[in-house]
Ligand SMILES: Nc1ncnc2c1ncn2[C@@H]1O[C@H](COP(=O)(O)OP(=O)(O)OP(=O)(O)O)[C@@H](O)[C@H]1O
Ligand SMILES: [Mg+2]
């Protein structure tokens with residue numbers, strides 16, 4: 103599940119629940135639709151409400167990094183809970199400079 | 260090594276069964292009183308293997324996914340996840356981090372996650388016949404017969 107909010111050129115997508123291959127497509131669709139129409143300077147993916155994530159969540163982050171770059175924006179991944187830090191660090195997305 | 264508990268689960272390769280599969284395995288191993296971190300590792304590793312069956316093994320069909328979980332007297336959890344799908348031609352290459360044959364948004368990290376979230380991962384596969392992924396996780400904190 104995802105809720106989005108747009109202000110000051112920042113699109114914030116707050117993610118909830120479990121992110122897996124089943125859930126990722128609808129999240130992706132909603133964020134990409136808004137990214138294309140609003141063309142934000144920054145896209146913030148807020149993980150504070152995420153209780154579980156597998157590599158589909160990593161694919162989701164990397165895909166949004168590409169999508170927001172296409173409209174000239176930057177990605178930030180915010181509020182990563184403790185239980186997701188292991189998979190986030192394994193993924194190497196830290197090297198994209200998106201973690202806050 | 261003695262098996263002290265075992266369960267089998269068969270279900271269809273539909274994506275909404277991913278959460279069912281990881282929750283079922285996690286519920287079964289609760290008898291070992293795992294830590295939250297250990298449970299989360301097991302759930303994530305199971306989710307990776309099951310998703311691979313759904314996405315890669317049975318790309319255009321619905322097939323059956325077979326899960327077998329055994330618990331040994333030394334607090335070792337052995338999880339076997341099997342499909343009768345397309346199989347893997349080059350297992351070594353498939354297990355390399357970032358390697359993916361998928362054109363959608365896949366990171367190619369499933370096997371890397373299974374390897375780092377469990378203690379041992381073994382893959383057997385035959386093209387056209389299917390794939391079996393066996394993962395082992397040792398729980399350090401508890402002892403089965405202590406309960
Ligand atoms: N059960 C399977 N049957 C057939 N091929 C498989 C199976 N599991 C994995 N593979 C092959 O191994 C490759 C690597 O798998 P891995 O899980 O590491 O990455 P991925 O599934 O492509 O991406 P991610 O898991 O990050 O979403 C897959 O792209 C696929 O080609
Ligand atoms: Mg995978």
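Residue numbers (the numbering used here), protein chains in the order written: chain A, 103 to 202; chain B, 260 to 406.
Ideal Cβ positions, reconstructed from N, Cα and C, are used throughout, including at glycine.
Computed from a predicted structure; not experimentally measured.
Contact belief for residue i with residue j at Cβ below 8 angstroms, rounded distance in angstroms
i: residue 274 of chain B; j: residue 313 of chain B; result: 6 angstroms
i: residue 376 of chain B; j: residue 300 of chain B; result: 4 angstroms
i: residue 189 of chain A; j: residue 328 of chain B; result: Going by Cβ atoms, the distance from residue 189 of chain A to residue 328 of chain B rounds to 22 angstroms, so no, they are not a contact pair.
Buried or exposed (CB count within 10 angstroms, at least 16 for buried), residue i
i: residue 159 of chain A; result: buried
i: residue 186 of chain A; result: buried
i: residue 108 of chain A; result: exposed
i: residue 284 of chain B; result: buried
i: residue 384 of chain B; result: buried
i: residue 386 of chain B; result: exposed
i: residue 396 of chain B; result: buried
i: residue 307 of chain B; result: buried
i: residue 175 of chain A; result: buried
i: residue 389 of chain B; result: buried
CB contact below 7 angstroms: residue i versus chain C
i: residue 160 of chain A; result: Of the protein chains in the structure, A and B, none is chain C.
Option nearest residue i by Cα separation, candidates the options
i: residue 103 of chain A; options: A:165, A:174, A:129 and A:157; result: A:129
i: residue 263 of chain B; options: B:382, B:330 and B:384; result: B:330
i: residue 266 of chain B; options: B:295, B:323, B:360 and B:287; result: B:287
i: residue 392 of chain B; options: B:366, B:399 and B:380; result: B:380
i: residue 157 of chain A; options: A:176, A:195 and A:137; result: A:195
i: residue 352 of chain B; options: B:364, B:337, B:368 and B:339; result: B:368
i: residue 147 of chain A; options: A:162, A:135 and A:138; result: A:162
i: residue 131 of chain A; options: B:298, B:364 and B:378; result: B:364
i: residue 270 of chain B; options: B:362, B:325 and B:311; result: B:325
i: residue 280 of chain B; options: B:268, B:336 and B:290; result: B:268
i: residue 272 of chain B; options: B:335, B:366 and B:320; result: B:320
Between the CA atoms of residue j and residue i - distance to the nearest angstrom
i: residue 125 of chain A; j: residue 382 of chain B; result: 27 angstroms
i: residue 344 of chain B; j: residue 293 of chain B; result: 32 angstroms
i: residue 341 of chain B; j: residue 309 of chain B; result: 9 angstroms
i: residue 181 of chain A; j: residue 115 of chain A; result: 12 angstroms
i: residue 404 of chain B; j: residue 332 of chain B; result: The predicted position of residue 404 of chain B is uncertain, since its pLDDT is 49 and thus under 50; a value taken from the coordinates is nonetheless stated next. If you take the alpha carbons of residue 404 of chain B and residue 332 of chain B, they lie about 8 angstroms apart.
i: residue 318 of chain B; j: residue 110 of chain A; result: 42 angstroms
i: residue 113 of chain A; j: residue 261 of chain B; result: 55 angstroms
i: residue 169 of chain A; j: residue 202 of chain A; result: 19 angstroms
i: residue 137 of chain A; j: residue 173 of chain A; result: 8 angstroms
i: residue 105 of chain A; j: residue 177 of chain A; result: 17 angstroms
i: residue 323 of chain B; j: residue 315 of chain B; result: 13 angstroms
i: residue 406 of chain B; j: residue 296 of chain B; result: Note that residue 406 of chain B scores 44 on pLDDT, short of 50, meaning its location in the model is unreliable; the coordinates nonetheless yield the value given after this. Roughly 20 angstroms separates the two Cα atoms.
Proximity test, residue i beta-carbon vs ligand 3 heavy atom, cut-off 6 angstroms
i: residue 311 of chain B; result: Judged by which ligands are present, ligand 3 is missing from the structure shown, whose ligands are ligand 1 and ligand 2.
Checklist entry - Do the region 138-154 of chain A and the region 342-359 of chain B meet, that is, are 3 or more Cβ pairs less than 8 angstroms apart? => result The region 138-154 of chain A makes no contact with the region 342-359 of chain B: fewer than 3 CB pairs, one atom from each, lie closer than 8 angstroms.
Checklist entry - Would the region 145-157 of chain A and the region 118-128 of chain A be scored as touching if the rule is three or more Cβ pairs under 8 angstroms? => result Cβ pair count under 8 angstroms is three or more, so yes.
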